[in-house]
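Add 48 to the 1-based position in the sequence shown for our numbering, that's all there is to it. All residues carry an ideal CB built from backbone N, CA and C; glycine is no exception. Report on the structure given below.
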Amino acid sequence: MPSQLIDTFNRPHNNLRISVTDRCNLRCTYCMPEEVVFMDKAELLSFEEIVRFVRVVAPLGIDKIRLTGGEPLMRRGLVELVRMLAEVEGIRDLGLTTNGILLADQAQALYDAGLRRINISLDALDPARFRELARRDGLDKVLDGILAAKRAGFEPVKINAVSIRGITEHEVGPLARFAREHGLEMRFIEYMPIGADQWERNKVYFAYEILEQLEREVGALAPARDYDRRAPAMAFEYADGGGRVGIIASVSRPFCLSCNRLRLTADGKLRNCLFALDEDDVKGLLRRGAPAEEIAEVVRRNVHAKWEGHEINTARFIKPQRNMHAIGG
Ligand code: SAM
């Protein structure tokens, strides 16, 4: 079905990220502050409201959904939401991004409910560094969650690490080797100015530096055979057949020109970019029972208003008021 969600740069949008909560059981320094006033429960979209919205946007061309947060597994009954979304006609791809802390108990039920893609965030294998970054303990739980996801049948299981100079630098080798040993797909994400902390460009440990380090410490890499230049992650394969590794170079090689994403925040605001300064109120429309065509028109306008790119690399960049945890990563 041709997408109705094409912006002024000719980018079709088929990918919706849905945040189900702004709460998290970690406090990663690059993502959120230690002290947070979380959204009131009444502000969050209910599962029924989320599904209604998805039923409106699926015929417009949205066929790919990723649940995120905050920490999505902290939203009670998430398995039920997965089941409801898996049944929506036109949705062919349902994913989840999680920190893995609560995953060991839920992985199988999520898989059985229809979830097929899973990304687990893990920045450090060293317990002290994990605690320093996440400001909480929990490394063992995350590792249990990763193994539970493998056992449940998720394939591939992708592991995401934020790449920060002086931090990931020490973890690149251990994380990459861990991923190779366990048949996981490791992905490094350049650190972006979207958290509560003071971002500085020189804190970004850049894609080319990670690649050089991987080749030095782990093994020779070549672009993956199915390398898609428009995809967010640059995909590589180890020359010795030891699996894949991806690098999401949001700062040094932005993929804005092929961006196909929209975001729905947990409190029902539609954003056309992680770094958007404006958002549209979908919750208001849903709660007053607006007809599907009225909601669809707001979505089309939101897409139409999308900028060319995120501007991180220019003096024009303005950081959005919401931190990452309240947008949905
Ligand atoms: N709690 C879940 C998790 O940890 O995966 C889902 C939400 S979290 C905001 C989604 C992803 O955003 C995580 O992989 C996290 O590391 C990443 N993230 C958060 N702040 C970031 C930043 N400033 N730069 C790059 N990635 C960031």
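By Cβ distance, which residues of its chain are closer than 7 Å to residue i, with the 5 residues on each side in sequence left out?
i    : result
L181 : C76, T77, D171, A172 and I215
L133 : V99, V102, I113, I139 and L142
A224 : M234, L262, V266 and V293
R131 : A161 and G162
F200 : According to the sequence provided, residue 200 is Ala. The question's Phe does not apply to it. Within the same chain, A200 has close Cβ partners A155, Q156 and Y159.
Tell me which same chain residues have a C-beta within less than 6 Å of the C-beta of residue i, skipping the five on either side of it?
i    : result
C72  : G118, E119 and H373
G109 : S51, Q52, L53 and N62
S298 : E238 and M240
N350 : L318, N320 and D328
S169 : N147 and N208
L64  : I110, I113 and L310
I343 : V104 and L333
Which first and last residues belong to the beta strand (DSSP E) in which residue i is found?
i    : result
P388 : Because residue 388 is not part of the residues shown, which for the chain are 49 to 377, the question remains open.
A283 : A281 to Y286
K112 : K112 to T116
V293 : R292 to I296
G143 : D141 to T146
F236 : E233 to E238
A209 : V205 to S211
K317 : K317 to R319
R131 : R131 -> not in any beta strand (DSSP E); alpha helix (DSSP H) instead, spanning L126 to A134.
R309 : R309 to L312
R65  : N63 to S67
Going by other Cβ atoms of all chains shown within 10 Å of its Cβ, with 16 needed for buried, is residue i buried or exposed?
i    : result
K354 : buried
L53  : buried
F57  : exposed
H218 : exposed
T145 : buried
Q154 : buried
E327 : buried
R319 : buried
D160 : exposed
Once you ignore the five residues that flank residue i on each side, which residues in its own chain have a CB closer than 8 Å to its CB?
i    : result
R164 : D141, L142, G143 and F202
A268 : Y286, A287 and D288
L136 : The identity of residue 136 in the sequence shown is Val, whereas the question assumes Leu. Once the five neighbours on either side are set aside, the close Cβ partners of V136 are V99, V102, R103 and A106.
Along the chain, where does the alpha helix (DSSP H) that runs through residue i open and close?
i    : result
A244 : Unbroken run through A244: none, as it is neither H nor E.
T216 : T216 to H230
D192 : L187 to A200
N379 : Look at the range of the chain in this structure, 49 to 377, and you will see that residue 379 is not part of it.
R177 : P175 to A182
Using a C-beta cutoff of 8 Å, does residue i count as contacting chain D?
i    : result
K331 : As a matter of chain content, chain D is missing from the structure shown, which is built from one protein chain.
Should residue i be listed as close to ligand 2, given that the test is whether its C-beta is under 7 Å from any heavy atom?
i    : result
T216 : Ligand 2 is absent from the structure shown, which contains only ligand 1.
At a cut of 8 Å, does the stretch 270-279 reach the stretch 328-347 through at least three beta carbon pairs? Contact between the stretch 270-279 and the stretch 328-347 is absent, because fewer than three Cβ pairs lie under 8 Å.
Touch check for the stretch 78-94 and the stretch 185-202: three-plus C-beta pairs under 8 Å? The count of Cβ pairs closer than 8 Å, one atom from the stretch 78-94 and one from the stretch 185-202, stays below three, leaving the stretches out of contact.
Could you tell me whether the stretch 242-253 touches the stretch 281-289, where touching means 3 or more Cβ pairs closer than 8 Å? no
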